Amino acid sequence: MPNGPVVASEAQTDEFNPFSSMEKLFNRAADVLDLDEGLRSLLRTPERELTVALPVRMDDGTIRVFTGYRVQHNFLRGPCKGGIRFAPDVNIDEVRALAAWMTWKCSIVDIPFGGGKGGVICDPRELSIGELERITRRYTAAIIDILGPDRDVPAPDMNTNEQTMAWIMDTYSMHVRRTTTAVVTGKPISLGGSRGRHEATGRGVMLVCREAMKKLGRRPEATTVVVQGSGNVGGIGALLLHREGYKIVSLSDMYGTLHNDQGLDVPAALDHLRANKTLEGFGEGDHMPNGEQLELECDVLVPAATENQITSENADRIKASLIIEGANGPCTAAAQDILVDRGVVVVPDILANAGGVTVSYFEWVQDRWGYFWTEDVVNSRLEQIMVKAFSDVDGVAESHGVSMRVAAYTLAIERVVNVYRMRGLFA
Ligand code: GLU
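So for the sequence shown, our numbering puts the first residue at 2; every next one is plus one.
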């Protein structure tokens, strides 16, 4: 553990460091709450950070050593909760920021978890299924001392999925000598996963969009939407928004952007993506490079890919008047200021994409209970939580006269502070 408060590492102390963006927004909310420096430092600093070296035998017989991280930002409200991502550019500041966002996210939807996040530096596109399995199992074994249903409960994130969670569950269970399904969420349904978990983040995006639209007095039928990404969040979010009657005019994947002013046939585009692993070649619309997608003409923009997409460089060219952040950290703190000045309403990530962790909580409850709910029960409980979270954040925004993002941080931090005040400081 560091001696002083953690600050973003020097390599990245700029607009594009997600941990410094998180700190800036945290400080604004801490000002609203008038928190003293001691509390600020306690709440900003990750409680535990683990870096592990993962020697893995590759298919060609050589050994490669991968680096993995698990950061537990805060466990005042309960076990740490948060995904694991596999990506070539994962770094400690990113994982720290993502872990802190999980703390705030769990607090906003008021589920009994703190925040954690993990990452392994690797490029899944270059790895065979066997290599991915060995990396996952070795990573799980390396961080096993800090995992457990009452300690830290991982879940999928970028480039990890139900299969990855099944390997984690199995590796953990083999070590503790009993099947322990509640150690991870986002598992296959046949291994203790929850119905509705796969769609939950996209469903949450659709639900907060619906609440924001009600507040702004707009109708889906008269609304065009651009969705950046077409994976678990963007693809499912787009599909559910399409079913609600919105006109989805653009979707993208890592190779390019699909655009059609008349509205896309989203189910057909996603079928094409499933069959071809790319949107390229889908017949109905223009294909263009990814750079321009965020600046397309539209009413609602859903960035659902990755961090740092809307920055001080492009924020004033964004046409949408409502942004629903499906990804974690898609707007930098500097972009946030420009958007707010321009009157753009931003429903922040820690609210907009909290549907995933909410159903992860349902999965953890079902695993511990040994009793599984129908999809309707899951979806209606998710809806209740998301609608309440939106209205709680909106209430704070109105009462303090701040943006929804500062309001979301304020509400989240206040709930954690209240628990801290009751628990007190150990020793
Ligand atoms: N990775 C997802 C997120 O960023 C889900 C986390 C979870 O379900 O624990 O919210």
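Each residue gets a CB set at the ideal place from its N, CA and C atoms; glycine is no exception. Because the structure is a prediction, the values reported are computed rather than measured.
Who are residue i's beta bridge partners in DSSP?
i, result
"Q73", "R49, G117"
"K248", "T225"
"T68", "A54"
"V154", "K82"
"M289", "T258"
"L302", "V227, I324"
"I122", "A88"
"G149", "D153"
"S253", "T258"
"V348", "I325"
"I311", "C332"
With respect to 8 Å, is the separation between the Cβ of residue i and the closest non-hydrogen atom of ligand 1 below this value?
i, result
"W105", "no"
"L51", "no"
"P331", "no"
"D158", "yes"
"G69", "no"
"T307", "no"
"T186", "yes"
"S174", "no"
"T181", "no"
"P19", "no"
"P150", "no"
"N354", "yes"
"L99", "yes"
"P155", "yes"
"V1", "Since the first residue shown for the chain is 2 and the last is 428, residue 1 is missing from the structure and cannot be characterised."
"V206", "no"
"G115", "no"
"S108", "no"
"S361", "yes"
"T202", "yes"
"K82", "yes"
"G357", "yes"
"W370", "no"
"W102", "yes"
Could you say which of the options lies nearest to residue i if we only look at CA atoms?
i, options, result
"E48", "I112, A31, R152", "R152"
"I190", "E415, F363, M207, M423", "F363"
"S195", "L383, M59, L274", "L383"
"V417", "L34, M23, L295, D287", "L34"
"G115", "L55, N75, G149", "N75"
"Y410", "A334, A270, G119", "A334"
"S231", "A98, L242, E38, P155", "L242"
"V430", "R211, L240, G205, L252", "This structure gives no information on residue 430, because the portion of the chain shown stretches from 2 to 428."
"A54", "T141, D393, G282", "T141"
"I136", "P56, A201, I249", "P56"
"Q263", "L240, L340, G292, K248", "K248"
"L240", "E134, V206, N261, I144", "V206"
"N380", "F17, L192, G119, R198", "R198"
"T224", "L323, H401, A88", "L323"
"V154", "I386, M103, D61", "M103"
"G149", "M166, E134, V185", "V185"
"L501", "D266, V226, A167, V388", "Outside the modelled stretch of the chain, which goes from 2 to 428, sits residue 501, for which no answer is possible."
"H273", "L265, F283, I237", "F283"
"G69", "D61, A88, R58, N329", "A88"
"A269", "N309, E399, E285", "E285"
"D90", "W105, V121, R65", "V121"
"L340", "E314, I64, R369, D61", "E314"
"R369", "G193, I169, V250, C332", "G193"
"G62", "F427, E132, T182, A408", "E132"
"R138", "T165, G117, N329", "T165"
Just checking my contact of residue i with residue j at CB under 8 Å: how many whole Å lie between their CB atoms?
i, j, result
"L280", "D254", "5 Å"
"R406", "L26", "6 Å"
"I351", "A30", "That pair is no contact at about 11 Å."
"A98", "P19", "4 Å"
"R424", "L43", "The pair is not a contact, with the Cβ atoms about 12 Å apart (cut-off 8 Å)."
"L297", "I311", "13 Å between Cβ atoms; not a contact."
"A201", "V348", "Not quite, the Cβ-Cβ distance comes to about 17 Å (not below 8 Å), so this is no contact."
"A398", "S392", "Wrong, their Cβ atoms sit about 10 Å apart, outside the cutoff."
"T258", "N291", "5 Å"
"L412", "I109", "6 Å"
Kindly indicate if chain B contains any beta-carbon less than 9 Å away from that of residue i.
i, result
"T182", "In the structure shown, chain B does not exist; there is a single protein chain."
>> Quick test of the definition: if touching needs 3 or more C-beta pairs under 8 Å, does the region 79 to 87 touch the region 155 to 168?
In response: Yes: at least three Cβ pairs fall under 8 Å.
>> Within 8 Å, do at least three Cβ pairs link the region 290 to 303 to the region 314 to 333?
In response: With a cut-off of 8 Å on Cβ pairs, the region 314 to 333 is in contact with the region 290 to 303, counting three or more such pairs.
> Does the count of Cβ pairs from the region 163 to 176 and the region 346 to 360 closer than 8 Å reach three?
Replying inline: Touching, no.
> Taking three-plus beta-carbon pairs below 8 Å as touching, is the region 93 to 109 in contact with the region 123 to 131?
Replying inline: By the criterion of at least three beta-carbon pairs nearer than 8 Å, the region 93 to 109 is not in contact with the region 123 to 131.
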